[in-house]
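Encoded as structure tokens, the structure appears first; notes follow it.
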Amino acid sequence: MENHTQAHTSRARTYVITFFTLGVLTMVEFGAATLTGIIKLPALVLLATTKAILVAGIYMHLRYDSKVFTTLVLMGLFCALLLVSIFTVVLNINWNTEIIAPHG
Amino acid sequence: MEHSVSHSAHEHEMGSLGVDTKKLGMWTFLGSEVMLFTALIATYLVFRGKSVAGPTPQEAFADVTIVAFNTLVLLCSSLTMVLAHEGVERGDRKRFFAFILATAALGALFLSVQVYEYTKLINVEGMGLGVNLFSASFFTLTGFHGAHVSIGVLLLLITALRGWRQGFTKEFPLGVEMIGLYWHFVDLVWVVIFTLVYLLR
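Top to bottom, those sequences are chains A and L. The first sequence begins at 5 in my numbering and counts up by one. The second sequence begins at 633 in my numbering and counts up by one.
Here it is in structure tokens:
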């Protein structure tokens, strides 16, 4: 019974630490948005990916749950990346971080 | 540190993969949602720089302080959601109701801020569904996300009402976990939207 309560307390602590980590990462992201040049895109994508992994791993319990669910998510992500890659090549997604004036 | 998710009080129906079939169904649904939002985000990325007239993303999102605040609101709601689920696991009714209602309130706050942001974008920046490609794809993407948050708030309130009227039945913790998965997914999608739409302007 005591172990059970300890496990719950420990998990609640992990959730709160995760929340503060996510908050700090959001603030860093906010700062990273002011960057210019080639570093901006990878910096923002890296920060967003870290946040997404924390939400899925800790809050959605993927880290502690069956690997079947992780496999499902990875399959979905693979399809998502494939779609974005196809759009980038075929429909010419503009990954330039500085879109200034409309053309035409 | 003990981290394994306790399922002792849950009503489980194990499938051939050795996982709960309801949970598997929920994850499969979320997988299809990944595809929906990827298509919407990719469409936005294609269109954001192809408008023949303004406003542009740089003009519209010059100040994203309020959106950053809204991001923190949604992240906070994920914390309260996971604590509500933990309250059910503990059998702590007070904790469960406090946190699930807090989650619904934070969801409602997120929607209110989004409505305020829309009003500003339409009235001050001159954006609108029919204005240009950037505006149309922006409102479609964030509108779909807002609709998901609205449905989430309704589901949270229904779950709270169910818990209050029927008590913590055997299958109730699993139900709360399902709502939690949906809610965290909506939060996760916002993390991506915040970066690719508002910060990558």
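All residues carry an ideal CB built from backbone N, CA and C; glycine is no exception. Since the model is a prediction, treat every value here as computed from it, not as a measurement.
Could you check whether the Cβ of residue 793 of chain L sits closer than 8 angstroms to any Cβ belonging to chain A?
no
Against chain L, with Cβ distances strictly below 8 angstroms, would residue 108 of chain A count as a contact?
In this prediction, residue 108 of chain A has a pLDDT of 44, which is less than 50 and means its spatial position is unreliable; nothing more can be read from the coordinates.
Could you tell me which chain L residues have their CB closer than 7 angstroms to the CB of residue 82 of chain A, listed as they occur along the chain?
Result: empty, since nearest Cβ-Cβ is about 10 angstroms, beyond 7 angstroms.
Tell me residue 652 of chain L's beta-bridge partners as DSSP assigns them.
L:646
Nearest-angstrom Cα separation, counted from residue 688 of chain L out to residue 784 of chain L:
31 angstroms
Checking 8 angstroms against the spacing of the C-beta atoms, do residue 820 of chain L and residue 60 of chain A come in under that value?
yes
Sorted by chain position, which residues of the same chain lie with C-beta nearer than 6 angstroms to residue 633 of chain L's C-beta, five sequence neighbours on each side aside?
Any answer about residue 633 of chain L is weak, because its pLDDT of 40 lies below 50 and its placement is not dependable; what the coordinates show is given next. Cβ within range, chain order: n/a, list empty.
Is the shortest distance between the beta-carbon of residue 820 of chain L and the beta-carbons of chain A less than 8 angstroms?
yes
So what's residue 681 of chain L in DSSP terms, helix, strand or just coil?
coil
Is the segment 664 to 683 of chain L in contact with the segment 733 to 749 of chain L, if contact means three or more CB pairs nearer than 8 angstroms?
no
Contact set between residue 667 of chain L and chain A, taken where Cβ atoms lie within less than 9 angstroms:
80, 83, 84, 87
Thinking C-beta only, is residue 707 of chain L closer than 8 angstroms to residue 1 of chain A?
With chain A covering only 5 through 108, there is no way to say anything about residue 1 of chain A.
Ends of the alpha helix (DSSP H) at residue 44 of chain A?
44 to 58
Does the segment 23 to 33 of chain A come close enough to the segment 773 to 780 of chain L that 3 or more CB-CB pairs lie under 8 angstroms?
no
Whole angstroms are fine: how far does the CA of residue 661 of chain L sit from the CA of residue 109 of chain A?
Beyond the ends of chain A as shown, which are 5 and 108, falls residue 109 of chain A; an answer cannot be given.
Partners in chain A for residue 824 of chain L, counting only beta-carbon separations shorter than 8 angstroms:
52, 56
Pick from L:795, L:811, L:675, L:649 that is closest to residue 725 of chain L, judged by C-alpha positions:
L:795
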